[in-house]
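Residue numbers (the numbering used here): 12 to 152.
Beta carbons are placed, not taken as given, at the ideal position from N, Cα and C, and that holds for glycine.
These figures come from a predicted structure and were not determined experimentally.
Contents: one structure, followed by commentary.
Here it is in structure tokens:
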């Protein structure tokens, strides 16, 4: 099962405050431990919303809204994608989150990703073939 560990944004992450050396060391250790356990799929921190944009669709027509966005508690500051056997295993990993992050006051959300099987018959063989071709390793030209 794959889970996304979502580090919620706060006033500091939205202000672009960079982490100190001690927090970077703790984050590096967290991700190295997860990598050694063979569970890390991907992950990264995100720039503040002031560096981003939203595309909102109304009746199928896109409108671009430049950041920053008002509600920091609704935003994310980073993510880690892990593959573990269960929701409980994901929770146990998150319990080891670096204690210095957010000065010890941080909110982490855990969300399970869908798999093809979750879509049942709506996920056709043709779709599976396209996905396999898209996800195949690429060779340099």
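Excluding five sequence neighbours on each side, which residues of the same chain lie with their C-beta closer than 7 Å to the C-beta of residue 87? Position 76 of the chain shown, counted from the start, is the residue given in the question as residue 87. Once the five neighbours on either side are set aside, the close Cβ partners of residue 87 are 17, 18, 19, 20 and 57.
According to the Cβ coordinates, are residue 59 and residue 24 closer than 8 Å? Taking the first residue of the chain shown as 1, we reach residue 59 at position 48. Taking the first residue of the chain shown as 1, we reach residue 24 at position 13. Contact: yes.
To which residues of the same chain is residue 73 closer than 6 Å at the C-beta, ignoring the five residues directly before and after it? The count along the chain shown starts at 1 and reaches residue 73 at position 62. Here the set comprises 66.
Using alpha carbons as the reference points, say which of 111, 136, 27 and 35 lies closest to residue 127. Numbered from its first residue, the chain shown carries residue 127 at position 116. Residue 136 is the option with its Cα nearest to residue 127.
Using 8 Å as the threshold, is the stretch 91-111 in touch with the stretch 33-48, meaning 3 or more CB pairs across them? yes
For residue 57, which of helix, strand or coil comes out of DSSP? Looking up residue 57 in the chain shown gives position 46. Residue 57: coil per DSSP, three-state reduction.
Counting only runs that start and end within the stretch 53-102, where is the beta strand (DSSP E) found for 3 or more residues in a row? For the stretch 53-102, whole beta strand (DSSP E) runs of length 3 or above, ordered along the chain, are 64-69, 72-77 and 87-94.
Taking only the alpha-carbon atoms, compute the straight-line gap between residue 63 and residue 122 and give it to the nearest angstrom. Looking up residue 63 in the chain shown gives position 52. Looking up residue 122 in the chain shown gives position 111. When rounded, the distance between both Cα atoms is 23 Å.
Assign residue 7 to buried or exposed, taking buried as 16 or more other Cβ atoms, counted over all protein chains shown, within 10 Å of its Cβ. For the chain, the structure presents residues 12 to 152; residue 7 sits outside this window and is missing.
To which residues does DSSP link residue 16 through a beta bridge? Indexing the chain shown from 1 puts residue 16 at position 5. Paired residue(s): 91 and 121.
For my contact list, residue 93 and residue 13 are in at a C-beta cut-off of 8 Å; report their separation, rounded to the angstrom. Working through the chain shown from its first residue, we reach residue 93 at position 82. Working through the chain shown from its first residue, we reach residue 13 at position 2. With 8 Å as the limit, residue 93 and residue 13 qualify as a contact, their Cβ atoms being about 7 Å apart.
Taking the straight line between their C-alpha atoms, what separation do you get for residue 120 and residue 15? The residue labelled residue 120 in the question sits at position 109 within the chain shown. The residue labelled residue 15 in the question sits at position 4 within the chain shown. About 8 Å.
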